[in-house]
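Take a look at the structure below.
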Amino acid sequence: MEITPGTAYGFFTDTSVCIGCKACEVACKSWNLLEGNPPAFGDGYDNTGRLDAQNWRAVQFHDNVPDNPAVTGQGKAWLMMSDVCKHCQHASCMEVCPTNAIIRTEFDSVFIQPDVCNGCRNCISACPYGVIEQDEHSRVAQKCTLCYDRLQGGMEPACAKACPTQSIQFGPLDELRERASRRLDTLHAQGVPQAQLYGHDDSVYGGLNAFFLLMDEPEKYRLPDAANAVLPSRHNKRGYLTTLATAALAVLGGLIALRRRRARDDDS
Amino acid sequence: MVSLAATFGRGAMTNHWRDIRHADLILINGANPAEAHPVGFQWMMRAKLDRGAKMIHADPRFTRTSAVADKYLRIRTGTDVAYFGGLINHVLRNNLYHDEYVRMATNAAFVVAEGYSFDEGMFNGFDPQRKTYNAAEWAYETGPDGFVVLDIDHPRSVLNLMRAHYNRYTPEMVERITGIPRTDFEEVAKLVGETGKPDKVMTIVYAVGLTHHTTGVQLIRSGALLQLLLGNMGRPGGGMNAERGHANIQGNTDHAISWDILPGYLRIPAPGQQNIDDYLARSASKKLRPNSLNFFGENYRKFLVSLLKTWYGESARADNDFAFHHLPKPAADASWLSIFDAALRGRMEGLMLSGMTATSIGPDSNQVLQALSNLKWLCVMDSYATTSSEFWRAPGIEPSNVQTEVLLLPATHWIEKDGSFTNSGRWVQWKEQVLPPEGEARHDHWMLAEAFMRVRTLYERDGGTYPSPVLQLTMPYRDPRRPELDEIAQEINGRDLGTGQRLATFAALKDDGTTTSGDWIYCGHYPESGNLAKRRDGIQDPARNDPTGMGFYPNWAWSWPLNRRVLYNRASADPAGKPWDPTRPGIAWDGAKWTGDVPDYPATANPADQASPLPFIMTSEGMGRLFSNGVADGPFPEHYEPVESPVDNPLHPHQSATPVAHIYLPDRFGSRREFPYVATSYRLTEHEHYVTQHVDQLVALQPEAFVEVPAELAREKGIATGDAVRVSSKRGKLEVRAVVTSRLGPLTIDGKKVYQIGIPIHWGFVGINTGQHWLANALTPFVGDASSRTPEFKAFLVNIEKL
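Line by line, the protein sequences are chains S and U.
Every letter in the first sequence is one number past the one before it in the working numbering, and letter 265, counting from 1, is 265.
Every letter in the second sequence is one number past the one before it in the working numbering, and letter 467, counting from 1, is 1467.
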């Protein structure tokens, strides 16, 4: 694959074929020289727990397997999903960064420049997906870079390269979106109506460059649904109107109070 | 591997990884490829995604493979013979088998000799004293010409005996034994039955979940029988596909890691065999039909003599029977179980371990630890400290009580040397050295060469009882103490001693002492043109490198035998030589020769010619064996309970377990009352056996030992995920965390509720984060399969309590 600056790239993570092997986690740590957190028992399968400074890919496991002697697997009974930074079009981390350390790159990914980051932690609380954390030693905010250095060298990101089932696909966004909608059609035709795309269009934070095919509702994967996935600072007309109305009422109230005081003053 | 050789003639995965994408239906039994073989699993996913193939996973646990399968069936561990038997019965009863294929390529029409019987769980030919069958009594009827009589309608034809044998495996019986509800079984049976049509192909994928039982060989063979009946053997997208446990297990097997063979699956000589003629009379198969090629049997002498010439050089001459007398003729077996049994009984002084850690991998670890304690010395060659080099500080052992002298010789890791790996699909792939050896580490084969040269010096100086095999062994390397793997690869390939040239095919091997080959099946991988295992013409140019479009990639590395990618591929074409399915051809007859894959058949044998050989060239029948006397526990697979089982065998309660399992320590089996739950042991995707306890990233992914407990049982016992529990068997105990899940639920077996508990194996007392864990194999029983002596790691009884 030719990787050219000026084109928007991203991930299409197809959870219907994820086998939870965590090759993405290992490849990511190996390439990005992440030490990882001290080993800790989680629930037997998910012992990574979350995305943070040391984990830029983390496979979620959601065990909904019914207690039946025969079960249809098909990627929906035991949900597995390799989670990652979404590289949002409306990236709240970028919005709140006071030093402009967080930039949109020539590959349309969201990148934290470590040498500009001042460690203020604003982005950490702003990220709706909880993907950013501060590195303990460097105090710099860290997350998936979409393997910025590999892209500059013409190589696909390490996780996509390592994924054995092509659950993680890397490529130009247009192409990925097309592939994703074809895959969705196939799954629907195979009688998997709950399969759905997440973040492939602008309904979620203006569109996610790392979008997903999910086998259940987004909430099952700890993802906000489209109704909730909007930045407070943008596209929030009701919010603006309320603010405006409140301001108008405040001014009005002030004026009334002023007149009353004047009237009182006049009386006295 | 015993079962495949007994059925088809060779002991290996019949197809190859990439080929699985051609399947319409994928049956996965005794395997968890998404976790144990995630990279190879991509081809199952491709079949599913690109062809719409259906994937059926029958397993005690709902695993990461089940998660993407079309249908998961919860099956009681060790009952796959009943599952496959039910499918065989469905296929036979409804005449869904591929009739033309069955007549062309199987021994269905062979008439079995009088005397064959099967009654109350016992075949004929049982010797109650020795507790073995005399397999020679499972013979065919021979005619006046000395060949087997054929008559498919004869009451004792293989097909009719098979019908009688399997008609007991009704869907109701399958449900009683396996726990799979009848309706779900019938749904799967319908899909399986459809693959008996020429334009449909099913593959069966399996791994040690079938092997690790006292009935392991028959568990596999029952799948093989089903595949023969449906006409799925030899065809792209079909086959019996054994997934091997690590990168080079197939190479180990080929080069005689197992005690009962010499390299290339030649049998180990037996006591009393005075010369090659005696040996061949016992080992090489004889033609049972006039046009059976019987390739192995007919050429056995060439392969043996070439091997002897490789090993003993000038000292192997026609006038001394090529030094046949130098080969050991062991009176006892040297299987894993027998080695440690001997050590346990104090009959062994020293032990050298390489490429594994005996303490962790063997069943009944506490006995293995005792066995190691009984040694005078133990030498471990490894790149890391292992549970064997550190066995003296295992939990429950007082180091000062262990008198064994333990030596740890630092060995190179595989990334520190070149050499080849042979994968499950028989591809011999050369790899380069990535890093130089660290510190004083030496290659295992250098250490062995050094030890050998020193022993040889002692024999030269002091003499000995029988010095010739040691003194006469060839060491034809530039530095005999440091052989290069490239030199060894050339030696394995073999030469024409007249010209000095390396051979291009085993067809050139001779029995007159003019050729060498260290392993005849590898002959041709390193001809004069160079090391073919280094070839890498792959997907960088599919049009050029995959001319058939079938994914054979003939110039990618080299696969044994003769770079053939799908074994038994003569059976991929009909009697006239036309592929059964033209969209998925294996080989095809073009009027003058066979084209496509490298044919598993004489390249110019015209199928129209009546004298042309039968399709399975490696067996004495010329056919795939539905009925076989190549196994020790019965000519047809039969369901037997594990040696420790929660129920009596519903088919024949008085002969519940196999009568011919190898039981070493009879007092180490538990009762159902004391140990009411079934347990099975397995691996997880995050670790490889025990060695990855030294890899920090993998330890972080899977840091601590646990067992998986069915949710319903956990509720009963008040166990929650993360709680500490004790799991115990008659042999030992584990104290670890519990993971509570519905992925292992209860089964109803013959009307009784049965729980299965899952035991991942990876932890011990050596590694980054392992602390002082008991070994999972502390629980497993020390008992072996009748043919292969493989231990029953996958089915035993335990109890569980909350701590």
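For glycine and all other residues, C-beta sits at the position ideal for the given N, C-alpha and C.
All values derive from a computational prediction rather than experimental measurement.
Any C-beta of chain U within less than 8 Å: which residues of the stretch 53-83 of chain S qualify?
Those residues of the stretch 53-83 of chain S that come within reach of chain U (Cβ to Cβ, closer than 8 Å) are Asp63, Val65, Pro66, Asp67, Asn68, Pro69, Ala70, Val71, Thr72, Gly73, Gln74, Gly75, Ala77, Trp78 and Met80.
Short of 8 Å Cβ to Cβ, which residues in the stretch 19-30 of chain S face chain U?
Flagged, chain order: Ile19, Gly20, Cys21, Lys22, Ala23, Glu25, Val26, Lys29 and Ser30.
Let me know the secondary structure DSSP gives Arg50(S) once reduced to three states.
Position 50 of the first sequence holds residue 50(S). Three-state DSSP puts Arg50(S) in coil, outside helix and strand.
Of all Cβ atoms in chain S, is any one closer than 8 Å to the Cβ of Ile1180(U)?
Along the second sequence, one-based indexing puts residue 1180(U) at 180. At least one chain S Cβ lies under 8 Å of Ile1180(U).
Can you tell me whether DSSP reads Gly171(S) as helix, strand or coil?
Your numbering for residue 171(S) matches position 171 in the first sequence. Of the three classes helix, strand and coil, the one that applies to Gly171(S) here is strand, per DSSP.
In chain U, which residues lie with their C-beta within 9 Å of the C-beta of Val17(S)?
Here the question's residue 17(S) lines up with position 17 in the first sequence. By Cβ distance, chain U contributes Met1045, Lys1048, Leu1049 and Val1068.
Could you compute how far the alpha carbon of Met1(S) sits from the alpha carbon of Ala160(S)?
If you number the first sequence from 1, residue 1(S) lands on position 1. If you number the first sequence from 1, residue 160(S) lands on position 160. Going from the Cα of Met1(S) to the Cα of Ala160(S) covers about 13 Å.
For the 8 Å Cβ check, are there 3 or more pairs between the stretch 165-180 of chain S and the stretch 1030-1045 of chain U?
Yes, they touch.
May I ask you to report which of helix, strand or coil DSSP gives Asp1462(U)?
Sequence index remark: in the second sequence, residue 1462(U) carries index 462 (1-based). Of the three classes helix, strand and coil, the one that applies to Asp1462(U) here is helix, per DSSP.
Report buried or exposed for Thr4(S), applying the criterion of at least 16 other Cβ atoms within 10 angstroms of its Cβ.
On the first sequence, position 4 is the one that residue 4(S) refers to. Exposed, since its Cβ has fewer than 16 Cβ neighbours within 10 Å.
Tell me the rounded alpha-carbon separation between Asp1329(U) and Ile1268(U).
Counting from 1 along the second sequence, the entry for residue 1329(U) is found at position 329. Counting from 1 along the second sequence, the entry for residue 1268(U) is found at position 268. Just to set this straight, residue 1329(U) is Lys in the shown sequence, not Asp. If I take the Cα positions, the gap works out to 7 Å.
So which of Gly1237(U), Glu1487(U), Arg1584(U) and Leu1073(U) has the shortest CA-CA distance to Asn1029(U)?
To locate residue 1029(U), count along the second sequence from 1; it is residue 29. Closest option to Asn1029(U), Cα to Cα, is Leu1073(U).
Report all residues from its chain with a CB closer than 6 Å to the CB of Asn1374(U); omit the five preceding and five following residues, and keep chain order.
Working through the second sequence from its first residue, we reach residue 1374(U) at position 374. Closer than 6 Å at Cβ, skipping near neighbours: Ala1343 and Gly1346.
For a cutoff of 8 Å on Cβ pairs, would you count Asp1696(U) as touching chain S?
In the second sequence, residue 1696(U) corresponds to position 696, counting from 1. Closer than 8 Å: yes.
Kindly indicate which three-state DSSP category Ala1533(U) falls into: helix, strand or coil?
For the purposes of this step, residue 1533(U) is taken as residue 533 along the second sequence, with counting starting at 1. Residue state, collapsed to three classes: helix.
Mind checking which residues open and close the alpha helix (DSSP H) that includes Tyr1083(U)?
Your numbering for residue 1083(U) matches position 83 in the second sequence. Residues Asp1080 to Arg1093.
I'd like to check one pair, Gly1237(U) with His1022(U): are the Cβ atoms closer than 8 Å?
One-based indexing of the second sequence puts residue 1022(U) at position 22. One-based indexing of the second sequence puts residue 1237(U) at position 237. Contact flag set, yes.
Between Arg1456(U) and the rest of its own chain, which residues show a CB-CB distance below 7 Å, the 5 nearest in sequence each way excluded?
Numbered from its first residue, the second sequence carries residue 1456(U) at position 456. Closer than 7 Å at Cβ, skipping near neighbours: Val1470 and Leu1471.
Leaving out five residues before and five after Ala1270(U) in sequence, what residues of the same chain have Cβ atoms less than 7 Å from its Cβ?
In the second sequence, counting from the first residue as 1, residue 1270(U) sits at position 270. So the list reads Arg1282 and Lys1329, once near-sequence residues are dropped.
Taking the straight line between their C-alpha atoms, what separation do you get for Gly1193(U) and Leu1225(U)?
Here residue 1193(U) refers to the residue found at position 193 of the second sequence. Here residue 1225(U) refers to the residue found at position 225 of the second sequence. Rounded to the nearest angstrom, the two C-alpha atoms are 13 Å apart.
Does Met1453(U) pass the burial test, meaning 16 or more other C-beta atoms within 10 Å, or should it be called exposed?
What you label residue 1453(U) is simply residue 453 of the second sequence in a count that begins at 1. Burial call: exposed.
Does the distance from the C-beta atom of Ser1424(U) to that of Ala1242(U) stay below 8 Å?
Counting from 1 along the second sequence, the entry for residue 1424(U) is found at position 424. Counting from 1 along the second sequence, the entry for residue 1242(U) is found at position 242. Their beta carbons are under 8 Å apart, which means Ser1424(U) touches Ala1242(U) by this criterion.
Answer with yes or no whether the minimum CB distance from Tyr1072(U) to chain S is below 8 Å.
Here residue 1072(U) refers to the residue found at position 72 of the second sequence. Interface residue, yes.
Would you mind reading off the limits of the beta strand (DSSP E) that contains Gln196(S)?
Locating residue 196(S) in the first sequence gives position 196, counting from the first residue. Run containing Gln196(S): Gln196 to Tyr198, per the beta strand (DSSP E) assignment.
How long is the line joining the alpha carbons of His62(S) and Gln194(S), rounded to whole angstroms?
The residue labelled residue 62(S) in the question sits at position 62 within the first sequence. The residue labelled residue 194(S) in the question sits at position 194 within the first sequence. Roughly 15 Å between the two C-alpha positions.
Using a Cβ-Cβ cutoff of less than 7 Å, which residues in the same chain neighbour Gly1518(U) once the five nearest sequence positions on both sides are dropped?
As a first step, residue 1518(U) must be located in the second sequence, where it is residue number 518. Cβ within range, chain order: Pro1263, Leu1307, Thr1310, Glu1491, Ile1492 and Gly1494.
Any contact of the stretch 11-24 of chain S with the stretch 110-122 of chain S, i.e. 3+ C-beta pairs under 8 Å?
Verdict: no, contact absent.
Any idea if Ser1671(U) is buried or exposed, counting beta-carbon neighbours within 10 angstroms, 16 or more meaning buried?
Taking the second sequence and counting its residues from 1, the one referred to as residue 1671(U) is at position 671. Looking at its Cβ environment, which holds fewer than 16 other Cβ atoms inside 10 Å, Ser1671(U) is exposed.
With 8 Å as the threshold, decide whether the Cβ of Val1039(U) is near any Cβ in chain S.
Within the second sequence, the letter at position 39 stands for residue 1039(U). True, the Cβ-Cβ gap to chain S drops below 8 Å.
Thinking just about the alpha-carbon of each residue, which of Trp1589(U), Asp1750(U) and Lys1752(U) is nearest to the one in Arg1570(U)?
On the second sequence, residue 1570(U) is found 570 positions in, with the first residue counted as 1. Closest by alpha carbon: Trp1589(U).
Answer yes or no: do Asp1800(U) and Tyr1677(U) have a C-beta to C-beta separation smaller than 8 Å?
Position 800 of the second sequence holds residue 1800(U). Position 677 of the second sequence holds residue 1677(U). It should be pointed out that residue 1800(U) corresponds to Ile in this sequence rather than to Asp. Yes. Within cutoff.
How would you call Pro1710(U), buried or exposed, if buried means at least 16 neighbouring beta carbons within 10 angstroms?
Within the second sequence, the letter at position 710 stands for residue 1710(U). Burial call: buried.
List, from N- to C-terminal side, the alpha helix (DSSP H) runs of 4 residues or more that fit wholly inside the stretch 1338-1404 of chain U.
Fully enclosed alpha helix (DSSP H) runs of 4 or longer: 1358-1361 and 1365-1373.
Would you list, in sequence order, the uninterrupted beta strand (DSSP E) runs of no fewer than 3 residues that lie entirely inside the stretch 1709-1758 of chain U?
With a minimum length of 3 residues, the continuous beta strand (DSSP E) runs that stay inside the stretch 1709-1758 of chain U are 1724-1728, 1733-1741, 1747-1749 and 1752-1754.
Return helix, strand or coil for Asp1127(U), following the three-state DSSP convention.
Within the second sequence, the letter at position 127 stands for residue 1127(U). Note: Asp1127(U) maps to strand in three-state DSSP.
Contact criterion: CB-CB distance below 8 Å. Does Gly44(S) meet it with respect to chain U?
By 1-based counting over the first sequence, the position of residue 44(S) is 44. With 8 Å as the cut-off, Gly44(S) counts as an interface residue toward chain U.
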